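**Student:** Residue numbers (UniProt numbering): 1 to 639.
Glycine included, C-beta positions come from ideal geometry on N, C-alpha and C.
It should be emphasised that the depicted structure is a prediction, and the values quoted were computed from it without experimental measurement.
#1: Assuming residue 426 and residue 485 make a contact with CB atoms under 8 Å, what is their CB distance in whole Å?
#2: The alpha helix (DSSP H) spanning residue 214 covers which residue range?
#3: Specify the secondary structure class of residue 530 as computed by DSSP and reduced to three states.
#4: So residue 149 is in the alpha helix (DSSP H); what residue range does that whole segment cover?
#5: Using a threshold of 8 Å, state whether the C-beta atoms of residue 225 and residue 236 are closer than that.
#6: With DSSP run on the structure shown, which of helix, strand or coil describes residue 254?
#7: Does the separation of the CB atoms of residue 433 and residue 470 fall below 8 Å?
#8: Rounded to a whole number of angstroms, what is the C-alpha to C-alpha distance between residue 654 and residue 393?
#9: Should residue 62 be labelled buried (16 or more other beta-carbon atoms within 10 Å of its own) or exposed?
#10: Under a three-way DSSP split, which group does residue 485 fall into?
#11: Looking at C-beta atoms only, is the number of pairs between the stretch 564-582 and the stretch 371-389 that lie closer than 8 Å three or more?
#12: How far does the beta strand (DSSP E) with residue 559 in it reach, from first residue to last?
#13: I need the straight-line Cα distance from residue 351 to residue 365, nearest angstrom please.
#14: Would residue 505 pass as a contact of residue 422 if the rule is Cβ separation under 8 Å?
#15: Scan the stretch 318-395 and note each continuous alpha helix (DSSP H) run of 4 residues or more that stays entirely inside, going in chain order.
#16: Helix, strand or coil for residue 72 per DSSP?
#17: Sorted by chain position, which residues of the same chain lie with C-beta nearer than 7 Å to residue 148's C-beta, five sequence neighbours on each side aside?
#18: Taking the CB atoms as reference points, tell me whether residue 250 and residue 37 lie closer together than 8 Å.
#19: Sorted by chain position, which residues of the same chain lie with C-beta nearer than 6 Å to residue 80's C-beta, five sequence neighbours on each side aside?
#20: For residue 35, which residues does DSSP report across the bridge?
#21: Rounded to whole angstroms, what's the CA-CA distance from residue 261 to residue 384? Just pull it up for me.
#22: Please list the terminal residues of the continuous alpha helix (DSSP H) segment that includes residue 182.
#23: Quick one: what does DSSP say residue 460 is sitting in, helix, strand or coil?
#24: Under 8 Å: do the stretch 607-619 and the stretch 277-291 share three or more Cβ pairs, one atom per stretch?
#25: Residue 98 by DSSP, collapsed to three states: which one?
#26: Would you give the residue range spanned by the alpha helix (DSSP H) that residue 572 belongs to?
#27: What are the start and end residues of each continuous beta strand (DSSP E) run of 3 or more residues lying completely inside the stretch 218-287, in chain order?
#28: Could you have a look at residue 640 and say whether DSSP puts it in helix, strand or coil?
#29: Please tell me whether residue 570 and residue 491 are closer than 8 Å, where the distance is taken between their beta carbons.
#30: Could you tell me the distance, in whole angstroms, from the CA atom of residue 255 to the CA atom of residue 600?
#31: If you run the structure through DSSP and keep just helix, strand and coil, what is residue 40?
#32: Buried or exposed: where does residue 109 fall if 16 or more other Cβ atoms within 10 Å of its Cβ makes it buried?
#33: Can you tell me which of 4, 95 and 544 puts its alpha carbon nearest to the alpha carbon of residue 71?
#34: Candidates 321, 519 and 428: which alpha carbon is nearest residue 475's?
#35: In the DSSP assignment, the beta strand (DSSP E) including residue 192 goes from what residue to what residue?
#36: On a CA-only basis, which of 192, 12, 203 and 201 is nearest residue 227? Give me that one, please.
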C-alpha cells in the first residue's frame, strides 16, 4: 500500500529549561505508509522518543512544537486543520476532543517499561476495557468481552483468568502483552512502539517481536518502531530513519541501510554492535572512544600494595570453585495458628562450576533463572541451603560459606560486584568522590590524602575526568555512571569481579565503550570475571567459557568456541536463535521460542527432559563441554 498514513514534515520541538532552550528535534521529516513498519533509530537523547510523543501530543509541559506539520490520514479523520485531506496533529490542542479521539483510538503507543505504564491498583481487564469504553459506545460486559478477546489475540495463556489479575502478578513478558492488548483493543491504524523490548530477555523479546508482526498482519496496522537495537530493526522494519542530536542523518529501506550505509554515524553505530563470529582479537568500535590512565602511570597505588601470587598457588585449585549449591526461597502462608512454611521457589539447584584465575566466565539465561541469586551467594550476600563455595587466596583454600566476622570482611575485599542499573546502584545524595571512596573508608584503607589519590587514580582508570569528582550521579550519562560503579568496585583491589548485566541498560554505542573498558581492565589488572548476561552476543565478545542456566540449573557449559560451534542443549539452541543480528539476511528463527516451550524443562526432548521421573546430571562430552542430560547421551548423537 502506497498511501501515506503519517507524514512528519520539518518537525521542530524545543524544551524550555532553567539554563535556556534545548532544541530536541530539529527539522525532522519522515513518512509511515499504511500497513508498513518504519524504525526510528538512534542513541538515547537523539530525539526519537520526543518525535513520537509529538505525534500523540503527550510532550512534557516544558516542551513545545515550534515548527513543522504532523499529517495523519487514515481515511476517517475529519475536522481540525486539514491539509490535502489529512489532519495536522501539530495544529490541534493537546487536550482537545479531536486529539483525545485520535489518542488511543486511531493512534496507540506501547511504552518501554510496562510496569510503570500499567496502574498497579487496577486489574488487567479493567485497564484494557477502559480503553474500549473511552473510544466506543459499549457496555461494561461488552468491554470485558472485547478485552478478553484481545488478551487471547496477544496469546495470554488463560485470557479469562488474566482479566482479574493485577500487573504485579505477571511476568515482564506478560505485562508487555497486556500493554499491547490495551494499545490494540480499539484496532488503531498506527501503533507507536517505543523501545517495546529493551527491558525484556532475549527469548521474550523474540516472542514479542513475532507477536507484533502477526498482529500487524491480522489488523492491517502500521508500526512506528523506536529503538536503538539494530538487531530488532533488521528483523522488523521495512524502512529505517536514523536520528542523531535531533536530526535525521540517513533514511532508506532496511536493505539499503544495512547493505550500504553512507553516513559515518550509521557506519559507526553498526561497528559498535556485538555480533557472532567476530575475528579473533577484533574489538568493538565505539562511536566515542575513551582513553584510560592511572594504572599505567608510575607509582600506581593499586599495583603498589597488590599481593603477588606465590609460585605454585594456582596448583592448589581454581580461583573459585562452586559445588552442589542449592537455594530455595521459602513461601509462607498465613493460617489460624500462625504462619506455616510453604514449598517456596527453587532458585538455584545443583550448581557446580569453577573459575580459573584470569578467566572470564559468562553466565547466561533468562530473568528468573537464578543468575543473580547465584552471584549473591558467591559474595555471601545470601546463604545457600546446600553446597560449598571455595576461594583460592594465593594458594590457601578458603571455605567461603564458613567465613565470619573479620575473615568475611577480608574476603569481600577480594570479590566485588558491579550492578545492572548504573543509576539505582549509586546514592544520588553522594558525590562521585564519596561514592568511590566509600569502600576505602569502610575497610579503613589509607588516610584522607591517600584515599583522595586512590580515587583520582580510579577515575583515570575508567576514563573519567577527576575534575568531576564533586558532581552528583544525575549529572552523568548512563555509560559514565556505569564506569563510576566499576571504579567503586575496583577501589579495594579485588581478585574477582561479579558483573551482573553490566551493559543491558545501555545504548549499543555506550555498551561498546564499557565492554572494551572491562577487557582492558582485565588485562591491565589481572582480574577475573564472572560476567552475567542474557545476551549471548555480548557474552561471546567477553567470555573465555560460558555457562548456560535455566530454571536454577546449569544446563550446558563449554569453551566459547565450542558452545557456538556445536550447541547441544535445546535451551542453548533457543537462546542462540533468539539473538537478533543486525543483518537482514540472518532473520530470527522463532519456532522454538513460542509460548515459552524453550524454557520449560518438562517439554525438552529426551535425553534432556527434567521432571519428577527424570533428574539428569551434567555429562562430560569431552574438551570441557558438558551438558545436563541422561547418562545415555553420546557425543555422536549431539555432534
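**Tutor:** Walking through what the data contain:
#1: At roughly 7 Å, the Cβ-Cβ gap stays under 8 Å, so residue 426 and residue 485 are in contact.
#2: 202-219
#3: strand
#4: 140-153
#5: yes
#6: Look at residue 254 here: in three-state DSSP terms it is helix.
#7: Taking a C-beta distance under 8 Å as the contact criterion, residue 433 and residue 470 qualify as a contact pair.
#8: With the chain represented from 1 up to 639, any question about residue 654 goes unanswered, as that position is not in the structure.
#9: Here residue 62 is exposed. Its C-beta has fewer than 16 other C-beta atoms within 10 Å.
#10: Look at residue 485 here: in three-state DSSP terms it is helix.
#11: no
#12: First-last of the beta strand (DSSP E) with residue 559: 553-559.
#13: 14 Å
#14: yes
#15: Entirely contained in the stretch 318-395, the alpha helix (DSSP H) runs reaching 4 residues are, in chain order, 371-378.
#16: DSSP places residue 72 in strand when its eight states are reduced to three.
#17: 159, 160 and 163
#18: For residue 250 and residue 37, no; Cβs fall outside 8 Å.
#19: Interpretation of residue 80 is limited by its pLDDT of 47, a score under 50 that renders its predicted location unreliable; no figure is taken from the coordinates.
#20: DSSP, once it has assigned bridges, lists no residue as partnering residue 35.
#21: 51 Å
#22: 172-184
#23: helix
#24: no
#25: Collapsing the DSSP output to three states places residue 98 in a helix.
#26: 570-578
#27: 222-227, 239-244 and 247-253
#28: Residue 640 lies beyond the range of the chain shown here (1 to 639); nothing can be said about it.
#29: The Cβ atoms of residue 570 and residue 491 lie no closer than 8 Å to each other.
#30: 36 Å
#31: If DSSP states are grouped into helix, strand and coil, residue 40 belongs with the strands.
#32: buried
#33: 4
#34: 428
#35: 190-194
#36: Just measuring C-alpha positions, the residue of 192, 12, 203 and 201 sitting nearest residue 227 is 192.
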